[in-house]
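> Below you'll find the structure I mean.
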Amino acid sequence: METDNIECISVSDGMVEDDEVAHIPHPFLKPLGDGSGAVSGVGGGGGVAAAAPVLSPVTRVHELLECPVCTNSMYPPIHQCHNGHTLCSTCKARVHNRCPTCRQELGDIRCLALEKVAESLELPCRYISLGCPEIFPYYSKLKHEAQCNFRPYNCPYAGSECSVVGDIPFLVAHLRDDHKVDMHIGSTFNHRYVKSNPREVENATWMLTVFHCFGQYFCLHFEAFQLGVAPVYMAFLRFMGDENEARQYCYSLEVGSNGRKLIWEGTPRSIRDSHRKVRDSHDGLIIQRNMALFFSGGDRKELKLRVTGRIWKEQQNIDSGVYVPNPCS
């Protein structure tokens, strides 16, 4: 959806120039292979064939544990047909109980030997190429990868179903170049949101701004959405990083006019939490429509909201072991 008019102003801060965005690596690529560290051979030049890659016994066993249908690693129950071909339990239902290799009826035969072999394997995290050094037993690996701090982040843009994933520098460049998101340097901001017909909200209207301060990136969301029978306006901040890092920062948002003021203070949520999850938890500054129109003044037929805010970092007091605010100048 589109807003009628949005102005984004960063008070006492500057715009981020292209060369000021953190070093952007080559376009993000998911790790190749299964994370076992095996590298496929590449053909050589000059008519000399490249030597076939040498696969370790662990790599060969891990290939046996790859489902031929979905190509994911198989976990119990692992099924097999009468001819010994295996596949995972999820895909068994998808192939209508027919072996995808020999087309024989599958039945309900478990491959207990392969399940037992899997218990003896230890494999690196699939995100080893992104920096994860951990090695796990086969059946623990999947659980770790679902929470691995090195796993890529989803694009935080809320205005589309964007499927792009990557590390933070890559996503910053993606937001700037592909979503045309405004980039600002500094920890204070001053936004004005203007809409000619505030009584109509078609699913959602939103805007996103990225701020760079304290060597980190933050996403400021401002949007309208239907809550009950009337639209509300909400602003909240997300941290481009993991939750444990996000808790090191605080932010405040303020909106008001005509002698009235609403203030919100909180901790930014990590972009590991989806935009919808944060919005639906109401973890941010929420402005009811009547209050928003009151702040807008005039004939109450046009929305004019000015949202100001600040980000600061909590500094740990070494003596007391508690955090004390450290406002950014």
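With the working numbering applied, the sequence shown closes on residue 500, and no number is skipped along the way. C-beta atoms are modelled at their ideal positions from N, C-alpha and C, and glycine is treated no differently.
1. Please name the residue in L294, E414, K366 and M405 whose C-alpha comes closest to that of S311.
2. Can you check DSSP and say which residues form a bridge with R481?
3. So, at 7 angstroms on beta carbons, what are the nonlocal neighbours of I457 in its own chain, with the 5 sequence-adjacent residues on each side left out?
4. Check the DSSP bridge columns for D353 and list the partner residues they point to.
5. Out of I482, Q459 and C384, point me to the one whose CA is closest to G399's CA.
6. For K484 and F389, I'd like the C-alpha separation in whole angstroms.
7. Taking the alpha-carbon of D279 as reference, which of L433, C252 and L301 has the nearest alpha-carbon?
8. If you drop the 5 nearest sequence neighbours on each side, which residues of the same chain put their C-beta closer than 7 angstroms to that of N320?
9. Per DSSP, T257 is paired with what?
10. Quick one: what's got a C-beta closer than 6 angstroms to L391's C-beta in the same chain, skipping five residues either side?
11. Work out the CA separation of S467 and M378 for me, nearest whole Å.
12. What do you reckon, are the CB atoms on F410 and F382 nearer than 8 angstroms?
13. So, R281 versus P248, is the Cβ gap smaller than 8 angstroms?
14. Are the CB atoms of L236 and L285 within a distance shorter than 8 angstroms?
15. Measuring alpha carbon to alpha carbon, tell me which residue in R322, G357, P271 and E290 is nearest V232.
16. So for P340, helix, strand or coil by DSSP?
17. Which residues in the same chain as N325 place their Cβ atom closer than 6 angstroms to its Cβ, once the five residues preceding and following it in sequence are excluded?
18. May I ask you to list the residues that DSSP assigns as paired with K366?
19. On the premise that Y422 lies in contact with I482, defined as a C-beta separation below 8 angstroms, what is that separation, rounded to the nearest angstrom?
20. Between which two residues does the beta strand (DSSP E) containing E293 stretch?
21. Measure the alpha-carbon distance for S445 versus P327 and round it to whole angstroms.
22. Can you list, in chain order, the residues of its chain with a C-beta nearer than 7 angstroms to that of P439? Leave out the 5 residues immediately preceding and following it.
23. What residue range is occupied by the uninterrupted beta strand (DSSP E) comprising A401?
24. Taking the Cβ atom as the reference point for each residue, do T272 and P239 lie within a distance shorter than 8 angstroms?
25. If we require 4 or more residues per run, which alpha helix (DSSP H) segments fall completely within the region 438–472?
26. DSSP on E305, reduced to helix/strand/coil?
27. Could you name the residues of the same chain whose beta carbon sits closer than 6 angstroms to that of I442, not counting the 5 residues immediately before and after it, in chain order?
28. Going straight from the alpha carbon of V266 to that of H250, what length do you get?
29. Count the other C-beta atoms from every protein chain shown that fall within 10 angstroms of the C-beta of S331, then say buried if there are 16 or more, exposed otherwise.
30. Can you look up Q318 in the DSSP assignment and give me helix, strand or coil?
31. Under the three-state reduction of DSSP, which class applies to H267: helix, strand or coil?
32. Could you spell out where the beta strand (DSSP E) holding L398 opens and where it closes?
So, from the listed chains and residues:
1. L294
2. T359 and S423
3. V403 and M405
4. T380
5. Q459
6. 12 angstroms
7. C252
8. D413
9. Q251
10. T380 and L408
11. 19 angstroms
12. no
13. yes
14. yes
15. E290
16. helix
17. V336
18. L474
19. 5 angstroms
20. E293 to P295
21. 7 angstroms
22. F389, L408, R409, F410, A417, Y420 and Y422
23. A401 to F410
24. yes
25. 446–451 and 460–467
26. coil
27. Y324, P327, R409 and M411
28. 12 angstroms
29. exposed
30. helix
31. coil
32. Q387 to L398
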